[in-house]
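The structure appears right after this line, and notes come after that.
Residue numbers (my numbering): 3 to 158.
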C-alpha cells in the first residue's frame, strides 16, 4: 500500500472516449466510480497517456489496467493478460514521453523497482470499431459492464 496516499489498488482505464470502442478503458473506470468500492482503491482514467500509468503505480499492491484491443476476435471478447506475461517487457529505448501503456509497464518495472506492484492484471476488450466520434458498440458496452463486475468482485 502506498503509505502516503492510502491506495492499495489502482484501476487504470486507457483509451480515447472519442474513438468508438477505444473508450472501453475509461468507460470501465466510470462504471466503477458509480459503485461502492472498498477503501484503498484509486480509479484513474489516463486516456492515452501511457507514462502516467508508470508513475501512478508507485507503491500500490495491485493494478488492473483496461484497454481496447484489435486482435481479430469477436467484438466484446475480454482477454485477461496475467502479470507473468508482462514480466519480460523491457523498458523502451529512446523517448519515454510518448509511451503506450504496455511500454509504460516495462518502464515502470525498471523505474519503480521495489515500489512496483505485486500484481498487475490487464483486461483487453476486443473492439468492433474505432472511428472518430463513434460511441461504444453494443458488444463492447456489454463487455465494459462485465469487466467492471469482474474487477469489483476481485476488489472485495
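Backbone N, C-alpha and C fix where the C-beta goes; we use that ideal spot for every residue, glycine too.
Note that this is a predicted model, so its numbers are computed, not measured.
Coarse secondary structure for residue i, derived from DSSP in three states
i, result
"residue 155", "helix"
"residue 12", "strand"
"residue 49", "strand"
"residue 128", "strand"
"residue 44", "strand"
"residue 36", "coil"
"residue 28", "helix"
"residue 148", "helix"
"residue 133", "coil"
Residue burial classification, residue i (beta-carbon count within 10 angstroms, cutoff 16)
i, result
"residue 135", "exposed"
"residue 11", "buried"
"residue 28", "buried"
"residue 66", "buried"
"residue 128", "buried"
"residue 8", "exposed"
"residue 35", "exposed"
"residue 120", "exposed"
"residue 140", "exposed"
"residue 24", "buried"
"residue 47", "buried"
Those residues which DSSP pairs with residue i across a bridge
i, result
"residue 123", "66"
Residue i versus residue j: straight-line alpha-carbon distance, rounded
i, j, result
"residue 40", "residue 156", "11 Å"
"residue 60", "residue 26", "24 Å"
"residue 75", "residue 158", "30 Å"
"residue 18", "residue 148", "19 Å"
"residue 64", "residue 49", "20 Å"
"residue 15", "residue 132", "16 Å"
"residue 22", "residue 142", "9 Å"
"residue 72", "residue 126", "9 Å"
"residue 83", "residue 54", "20 Å"
"residue 137", "residue 151", "21 Å"
"residue 13", "residue 77", "22 Å"
"residue 130", "residue 69", "13 Å"
"residue 166", "residue 146", "Residue 166 lies beyond the range of the chain shown here (3 to 158); nothing can be said about it."
Threshold first: 3 residues or longer. Then list the beta strand (DSSP E) segments lying entirely within the stretch 61–90, N to C.
Runs of the beta strand (DSSP E) inside the stretch 61–90: 64–71 and 80–83.
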